[in-house]
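Asks: Numbering (the working numbering), first residue to last: 514 to 637.
Where is the CB? At the ideal position from N, CA and C, for every residue including glycine.
Quick caveat, the model's predicted, so the values are computed rather than measured.
Quick one: structure below, then a few questions.
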């Protein structure tokens with residue numbers, strides 16, 4: 514595995530950044546853009562994923578990094594849950610929902626995989 518020197522090198526952070534871009538794009542349209550509460554909550558949750566990965570990396574200890582990855586993982590679930598609300602309110606199409614949900618799921622798996630890797634390093 515290549516040495517990670519900056520948080521931008523973390524694949525989970527890169528995937529989270531793509532998710533944020535898509536969340537902002539989708540939530541800028543139509544009635545979704547006017548539902549300020551849901552729109553802003555979904556955006557905050559998506560942004561929280563990348564911010565927590567970056568902050569955890571900056572803490573410089575695996576123990577703290579793992580804790581921030583757990584928080585980022587929780588934010589992916591929050592994004593997915595908010596997407597159900599957007600779907601039920603017909604702010605997003607079924608295809609948009611599936612795409613965003615899958616993207617969040619892939620991000621979540623990367624975060625947990627990285628977290629598990631760090632836990633193994635910590636115990637060895």
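Skipping 5 residues on each side, what residues in its chain have a beta carbon closer than 8 angstroms to that of residue 536?
Replies: The residue given as residue 536 occupies position 23 in the chain shown. 555, 556, 559, 592, 613.
Asks: Please report how far the alpha carbon of residue 519 lies from the alpha carbon of residue 571, in whole angstroms.
Replies: Here the question's residue 519 lines up with position 6 in the chain shown. Here the question's residue 571 lines up with position 58 in the chain shown. Roughly 9 angstroms between the two C-alpha positions.
Asks: Find out if the Cβ-Cβ distance for the pair residue 539, residue 605 is shorter than 8 angstroms.
Replies: Residue mapping note: residue 539 aligns to position 26 of the chain shown, counting from 1. Residue mapping note: residue 605 aligns to position 92 of the chain shown, counting from 1. Their beta carbons are under 8 angstroms apart, which means residue 539 touches residue 605 by this criterion.
Asks: My assumption, with CB atoms under 8 angstroms, is that residue 528 sits in contact with residue 619. Please give the rounded CB distance.
Replies: Reading the chain shown from its first residue, position 15 is the one you call residue 528. Reading the chain shown from its first residue, position 106 is the one you call residue 619. With a Cβ gap of about 6 angstroms, residue 528 and residue 619 count as contacting.
Asks: Decide if residue 533 is buried, meaning its Cβ has at least 16 other Cβ atoms within 10 Å, or exposed.
Replies: Walking along the chain shown from the start, residue 533 turns up at place 20. So residue 533 ends up on the buried side.
Asks: Residue 561 and residue 588 - do their beta-carbons sit closer together than 8 angstroms?
Replies: In the chain shown, the residue the question calls residue 588 occupies position 75. In the chain shown, the residue the question calls residue 561 occupies position 48. Yes, the pair counts as a contact, with Cβ atoms nearer than the cut-off.
Asks: Is it true that the CB of residue 582 sits closer than 8 angstroms to the CB of residue 545?
Replies: Sequence index remark: in the chain shown, residue 545 carries index 32 (1-based). Sequence index remark: in the chain shown, residue 582 carries index 69 (1-based). Taking 8 angstroms as the Cβ cut-off, residue 545 and residue 582 do not qualify as a contacting pair.
Asks: Alpha carbon to alpha carbon, what distance is there between residue 615 and residue 523?
Replies: Your numbering for residue 523 matches position 10 in the chain shown. Your numbering for residue 615 matches position 102 in the chain shown. In a straight line, the C-alpha of residue 523 is about 19 angstroms away from that of residue 615.
Asks: Would you mind giving the Cβ-Cβ distance between residue 525 and residue 566, rounded to the nearest angstrom? I have them listed as a contact below 8 angstroms.
Replies: Working through the chain shown from its first residue, we reach residue 525 at position 12. Working through the chain shown from its first residue, we reach residue 566 at position 53. Contact flag correct, Cβ pair sits at about 6 angstroms.
Asks: Which residues in the same chain have their Cβ closer than 7 angstroms to the Cβ of residue 625, if we skip the five residues on either side of it in sequence?
Replies: Within the chain shown, residue 625 is the residue found at index 112, counting from 1. Cβ within range, chain order: 586.
Asks: With distances taken Cα to Cα, identify the nearest neighbour of residue 530 among 631, 608, 621, 576.
Replies: Walking along the chain shown from the start, residue 530 turns up at place 17. Measuring from the Cα of residue 530, the nearest candidate turns out to be 621.
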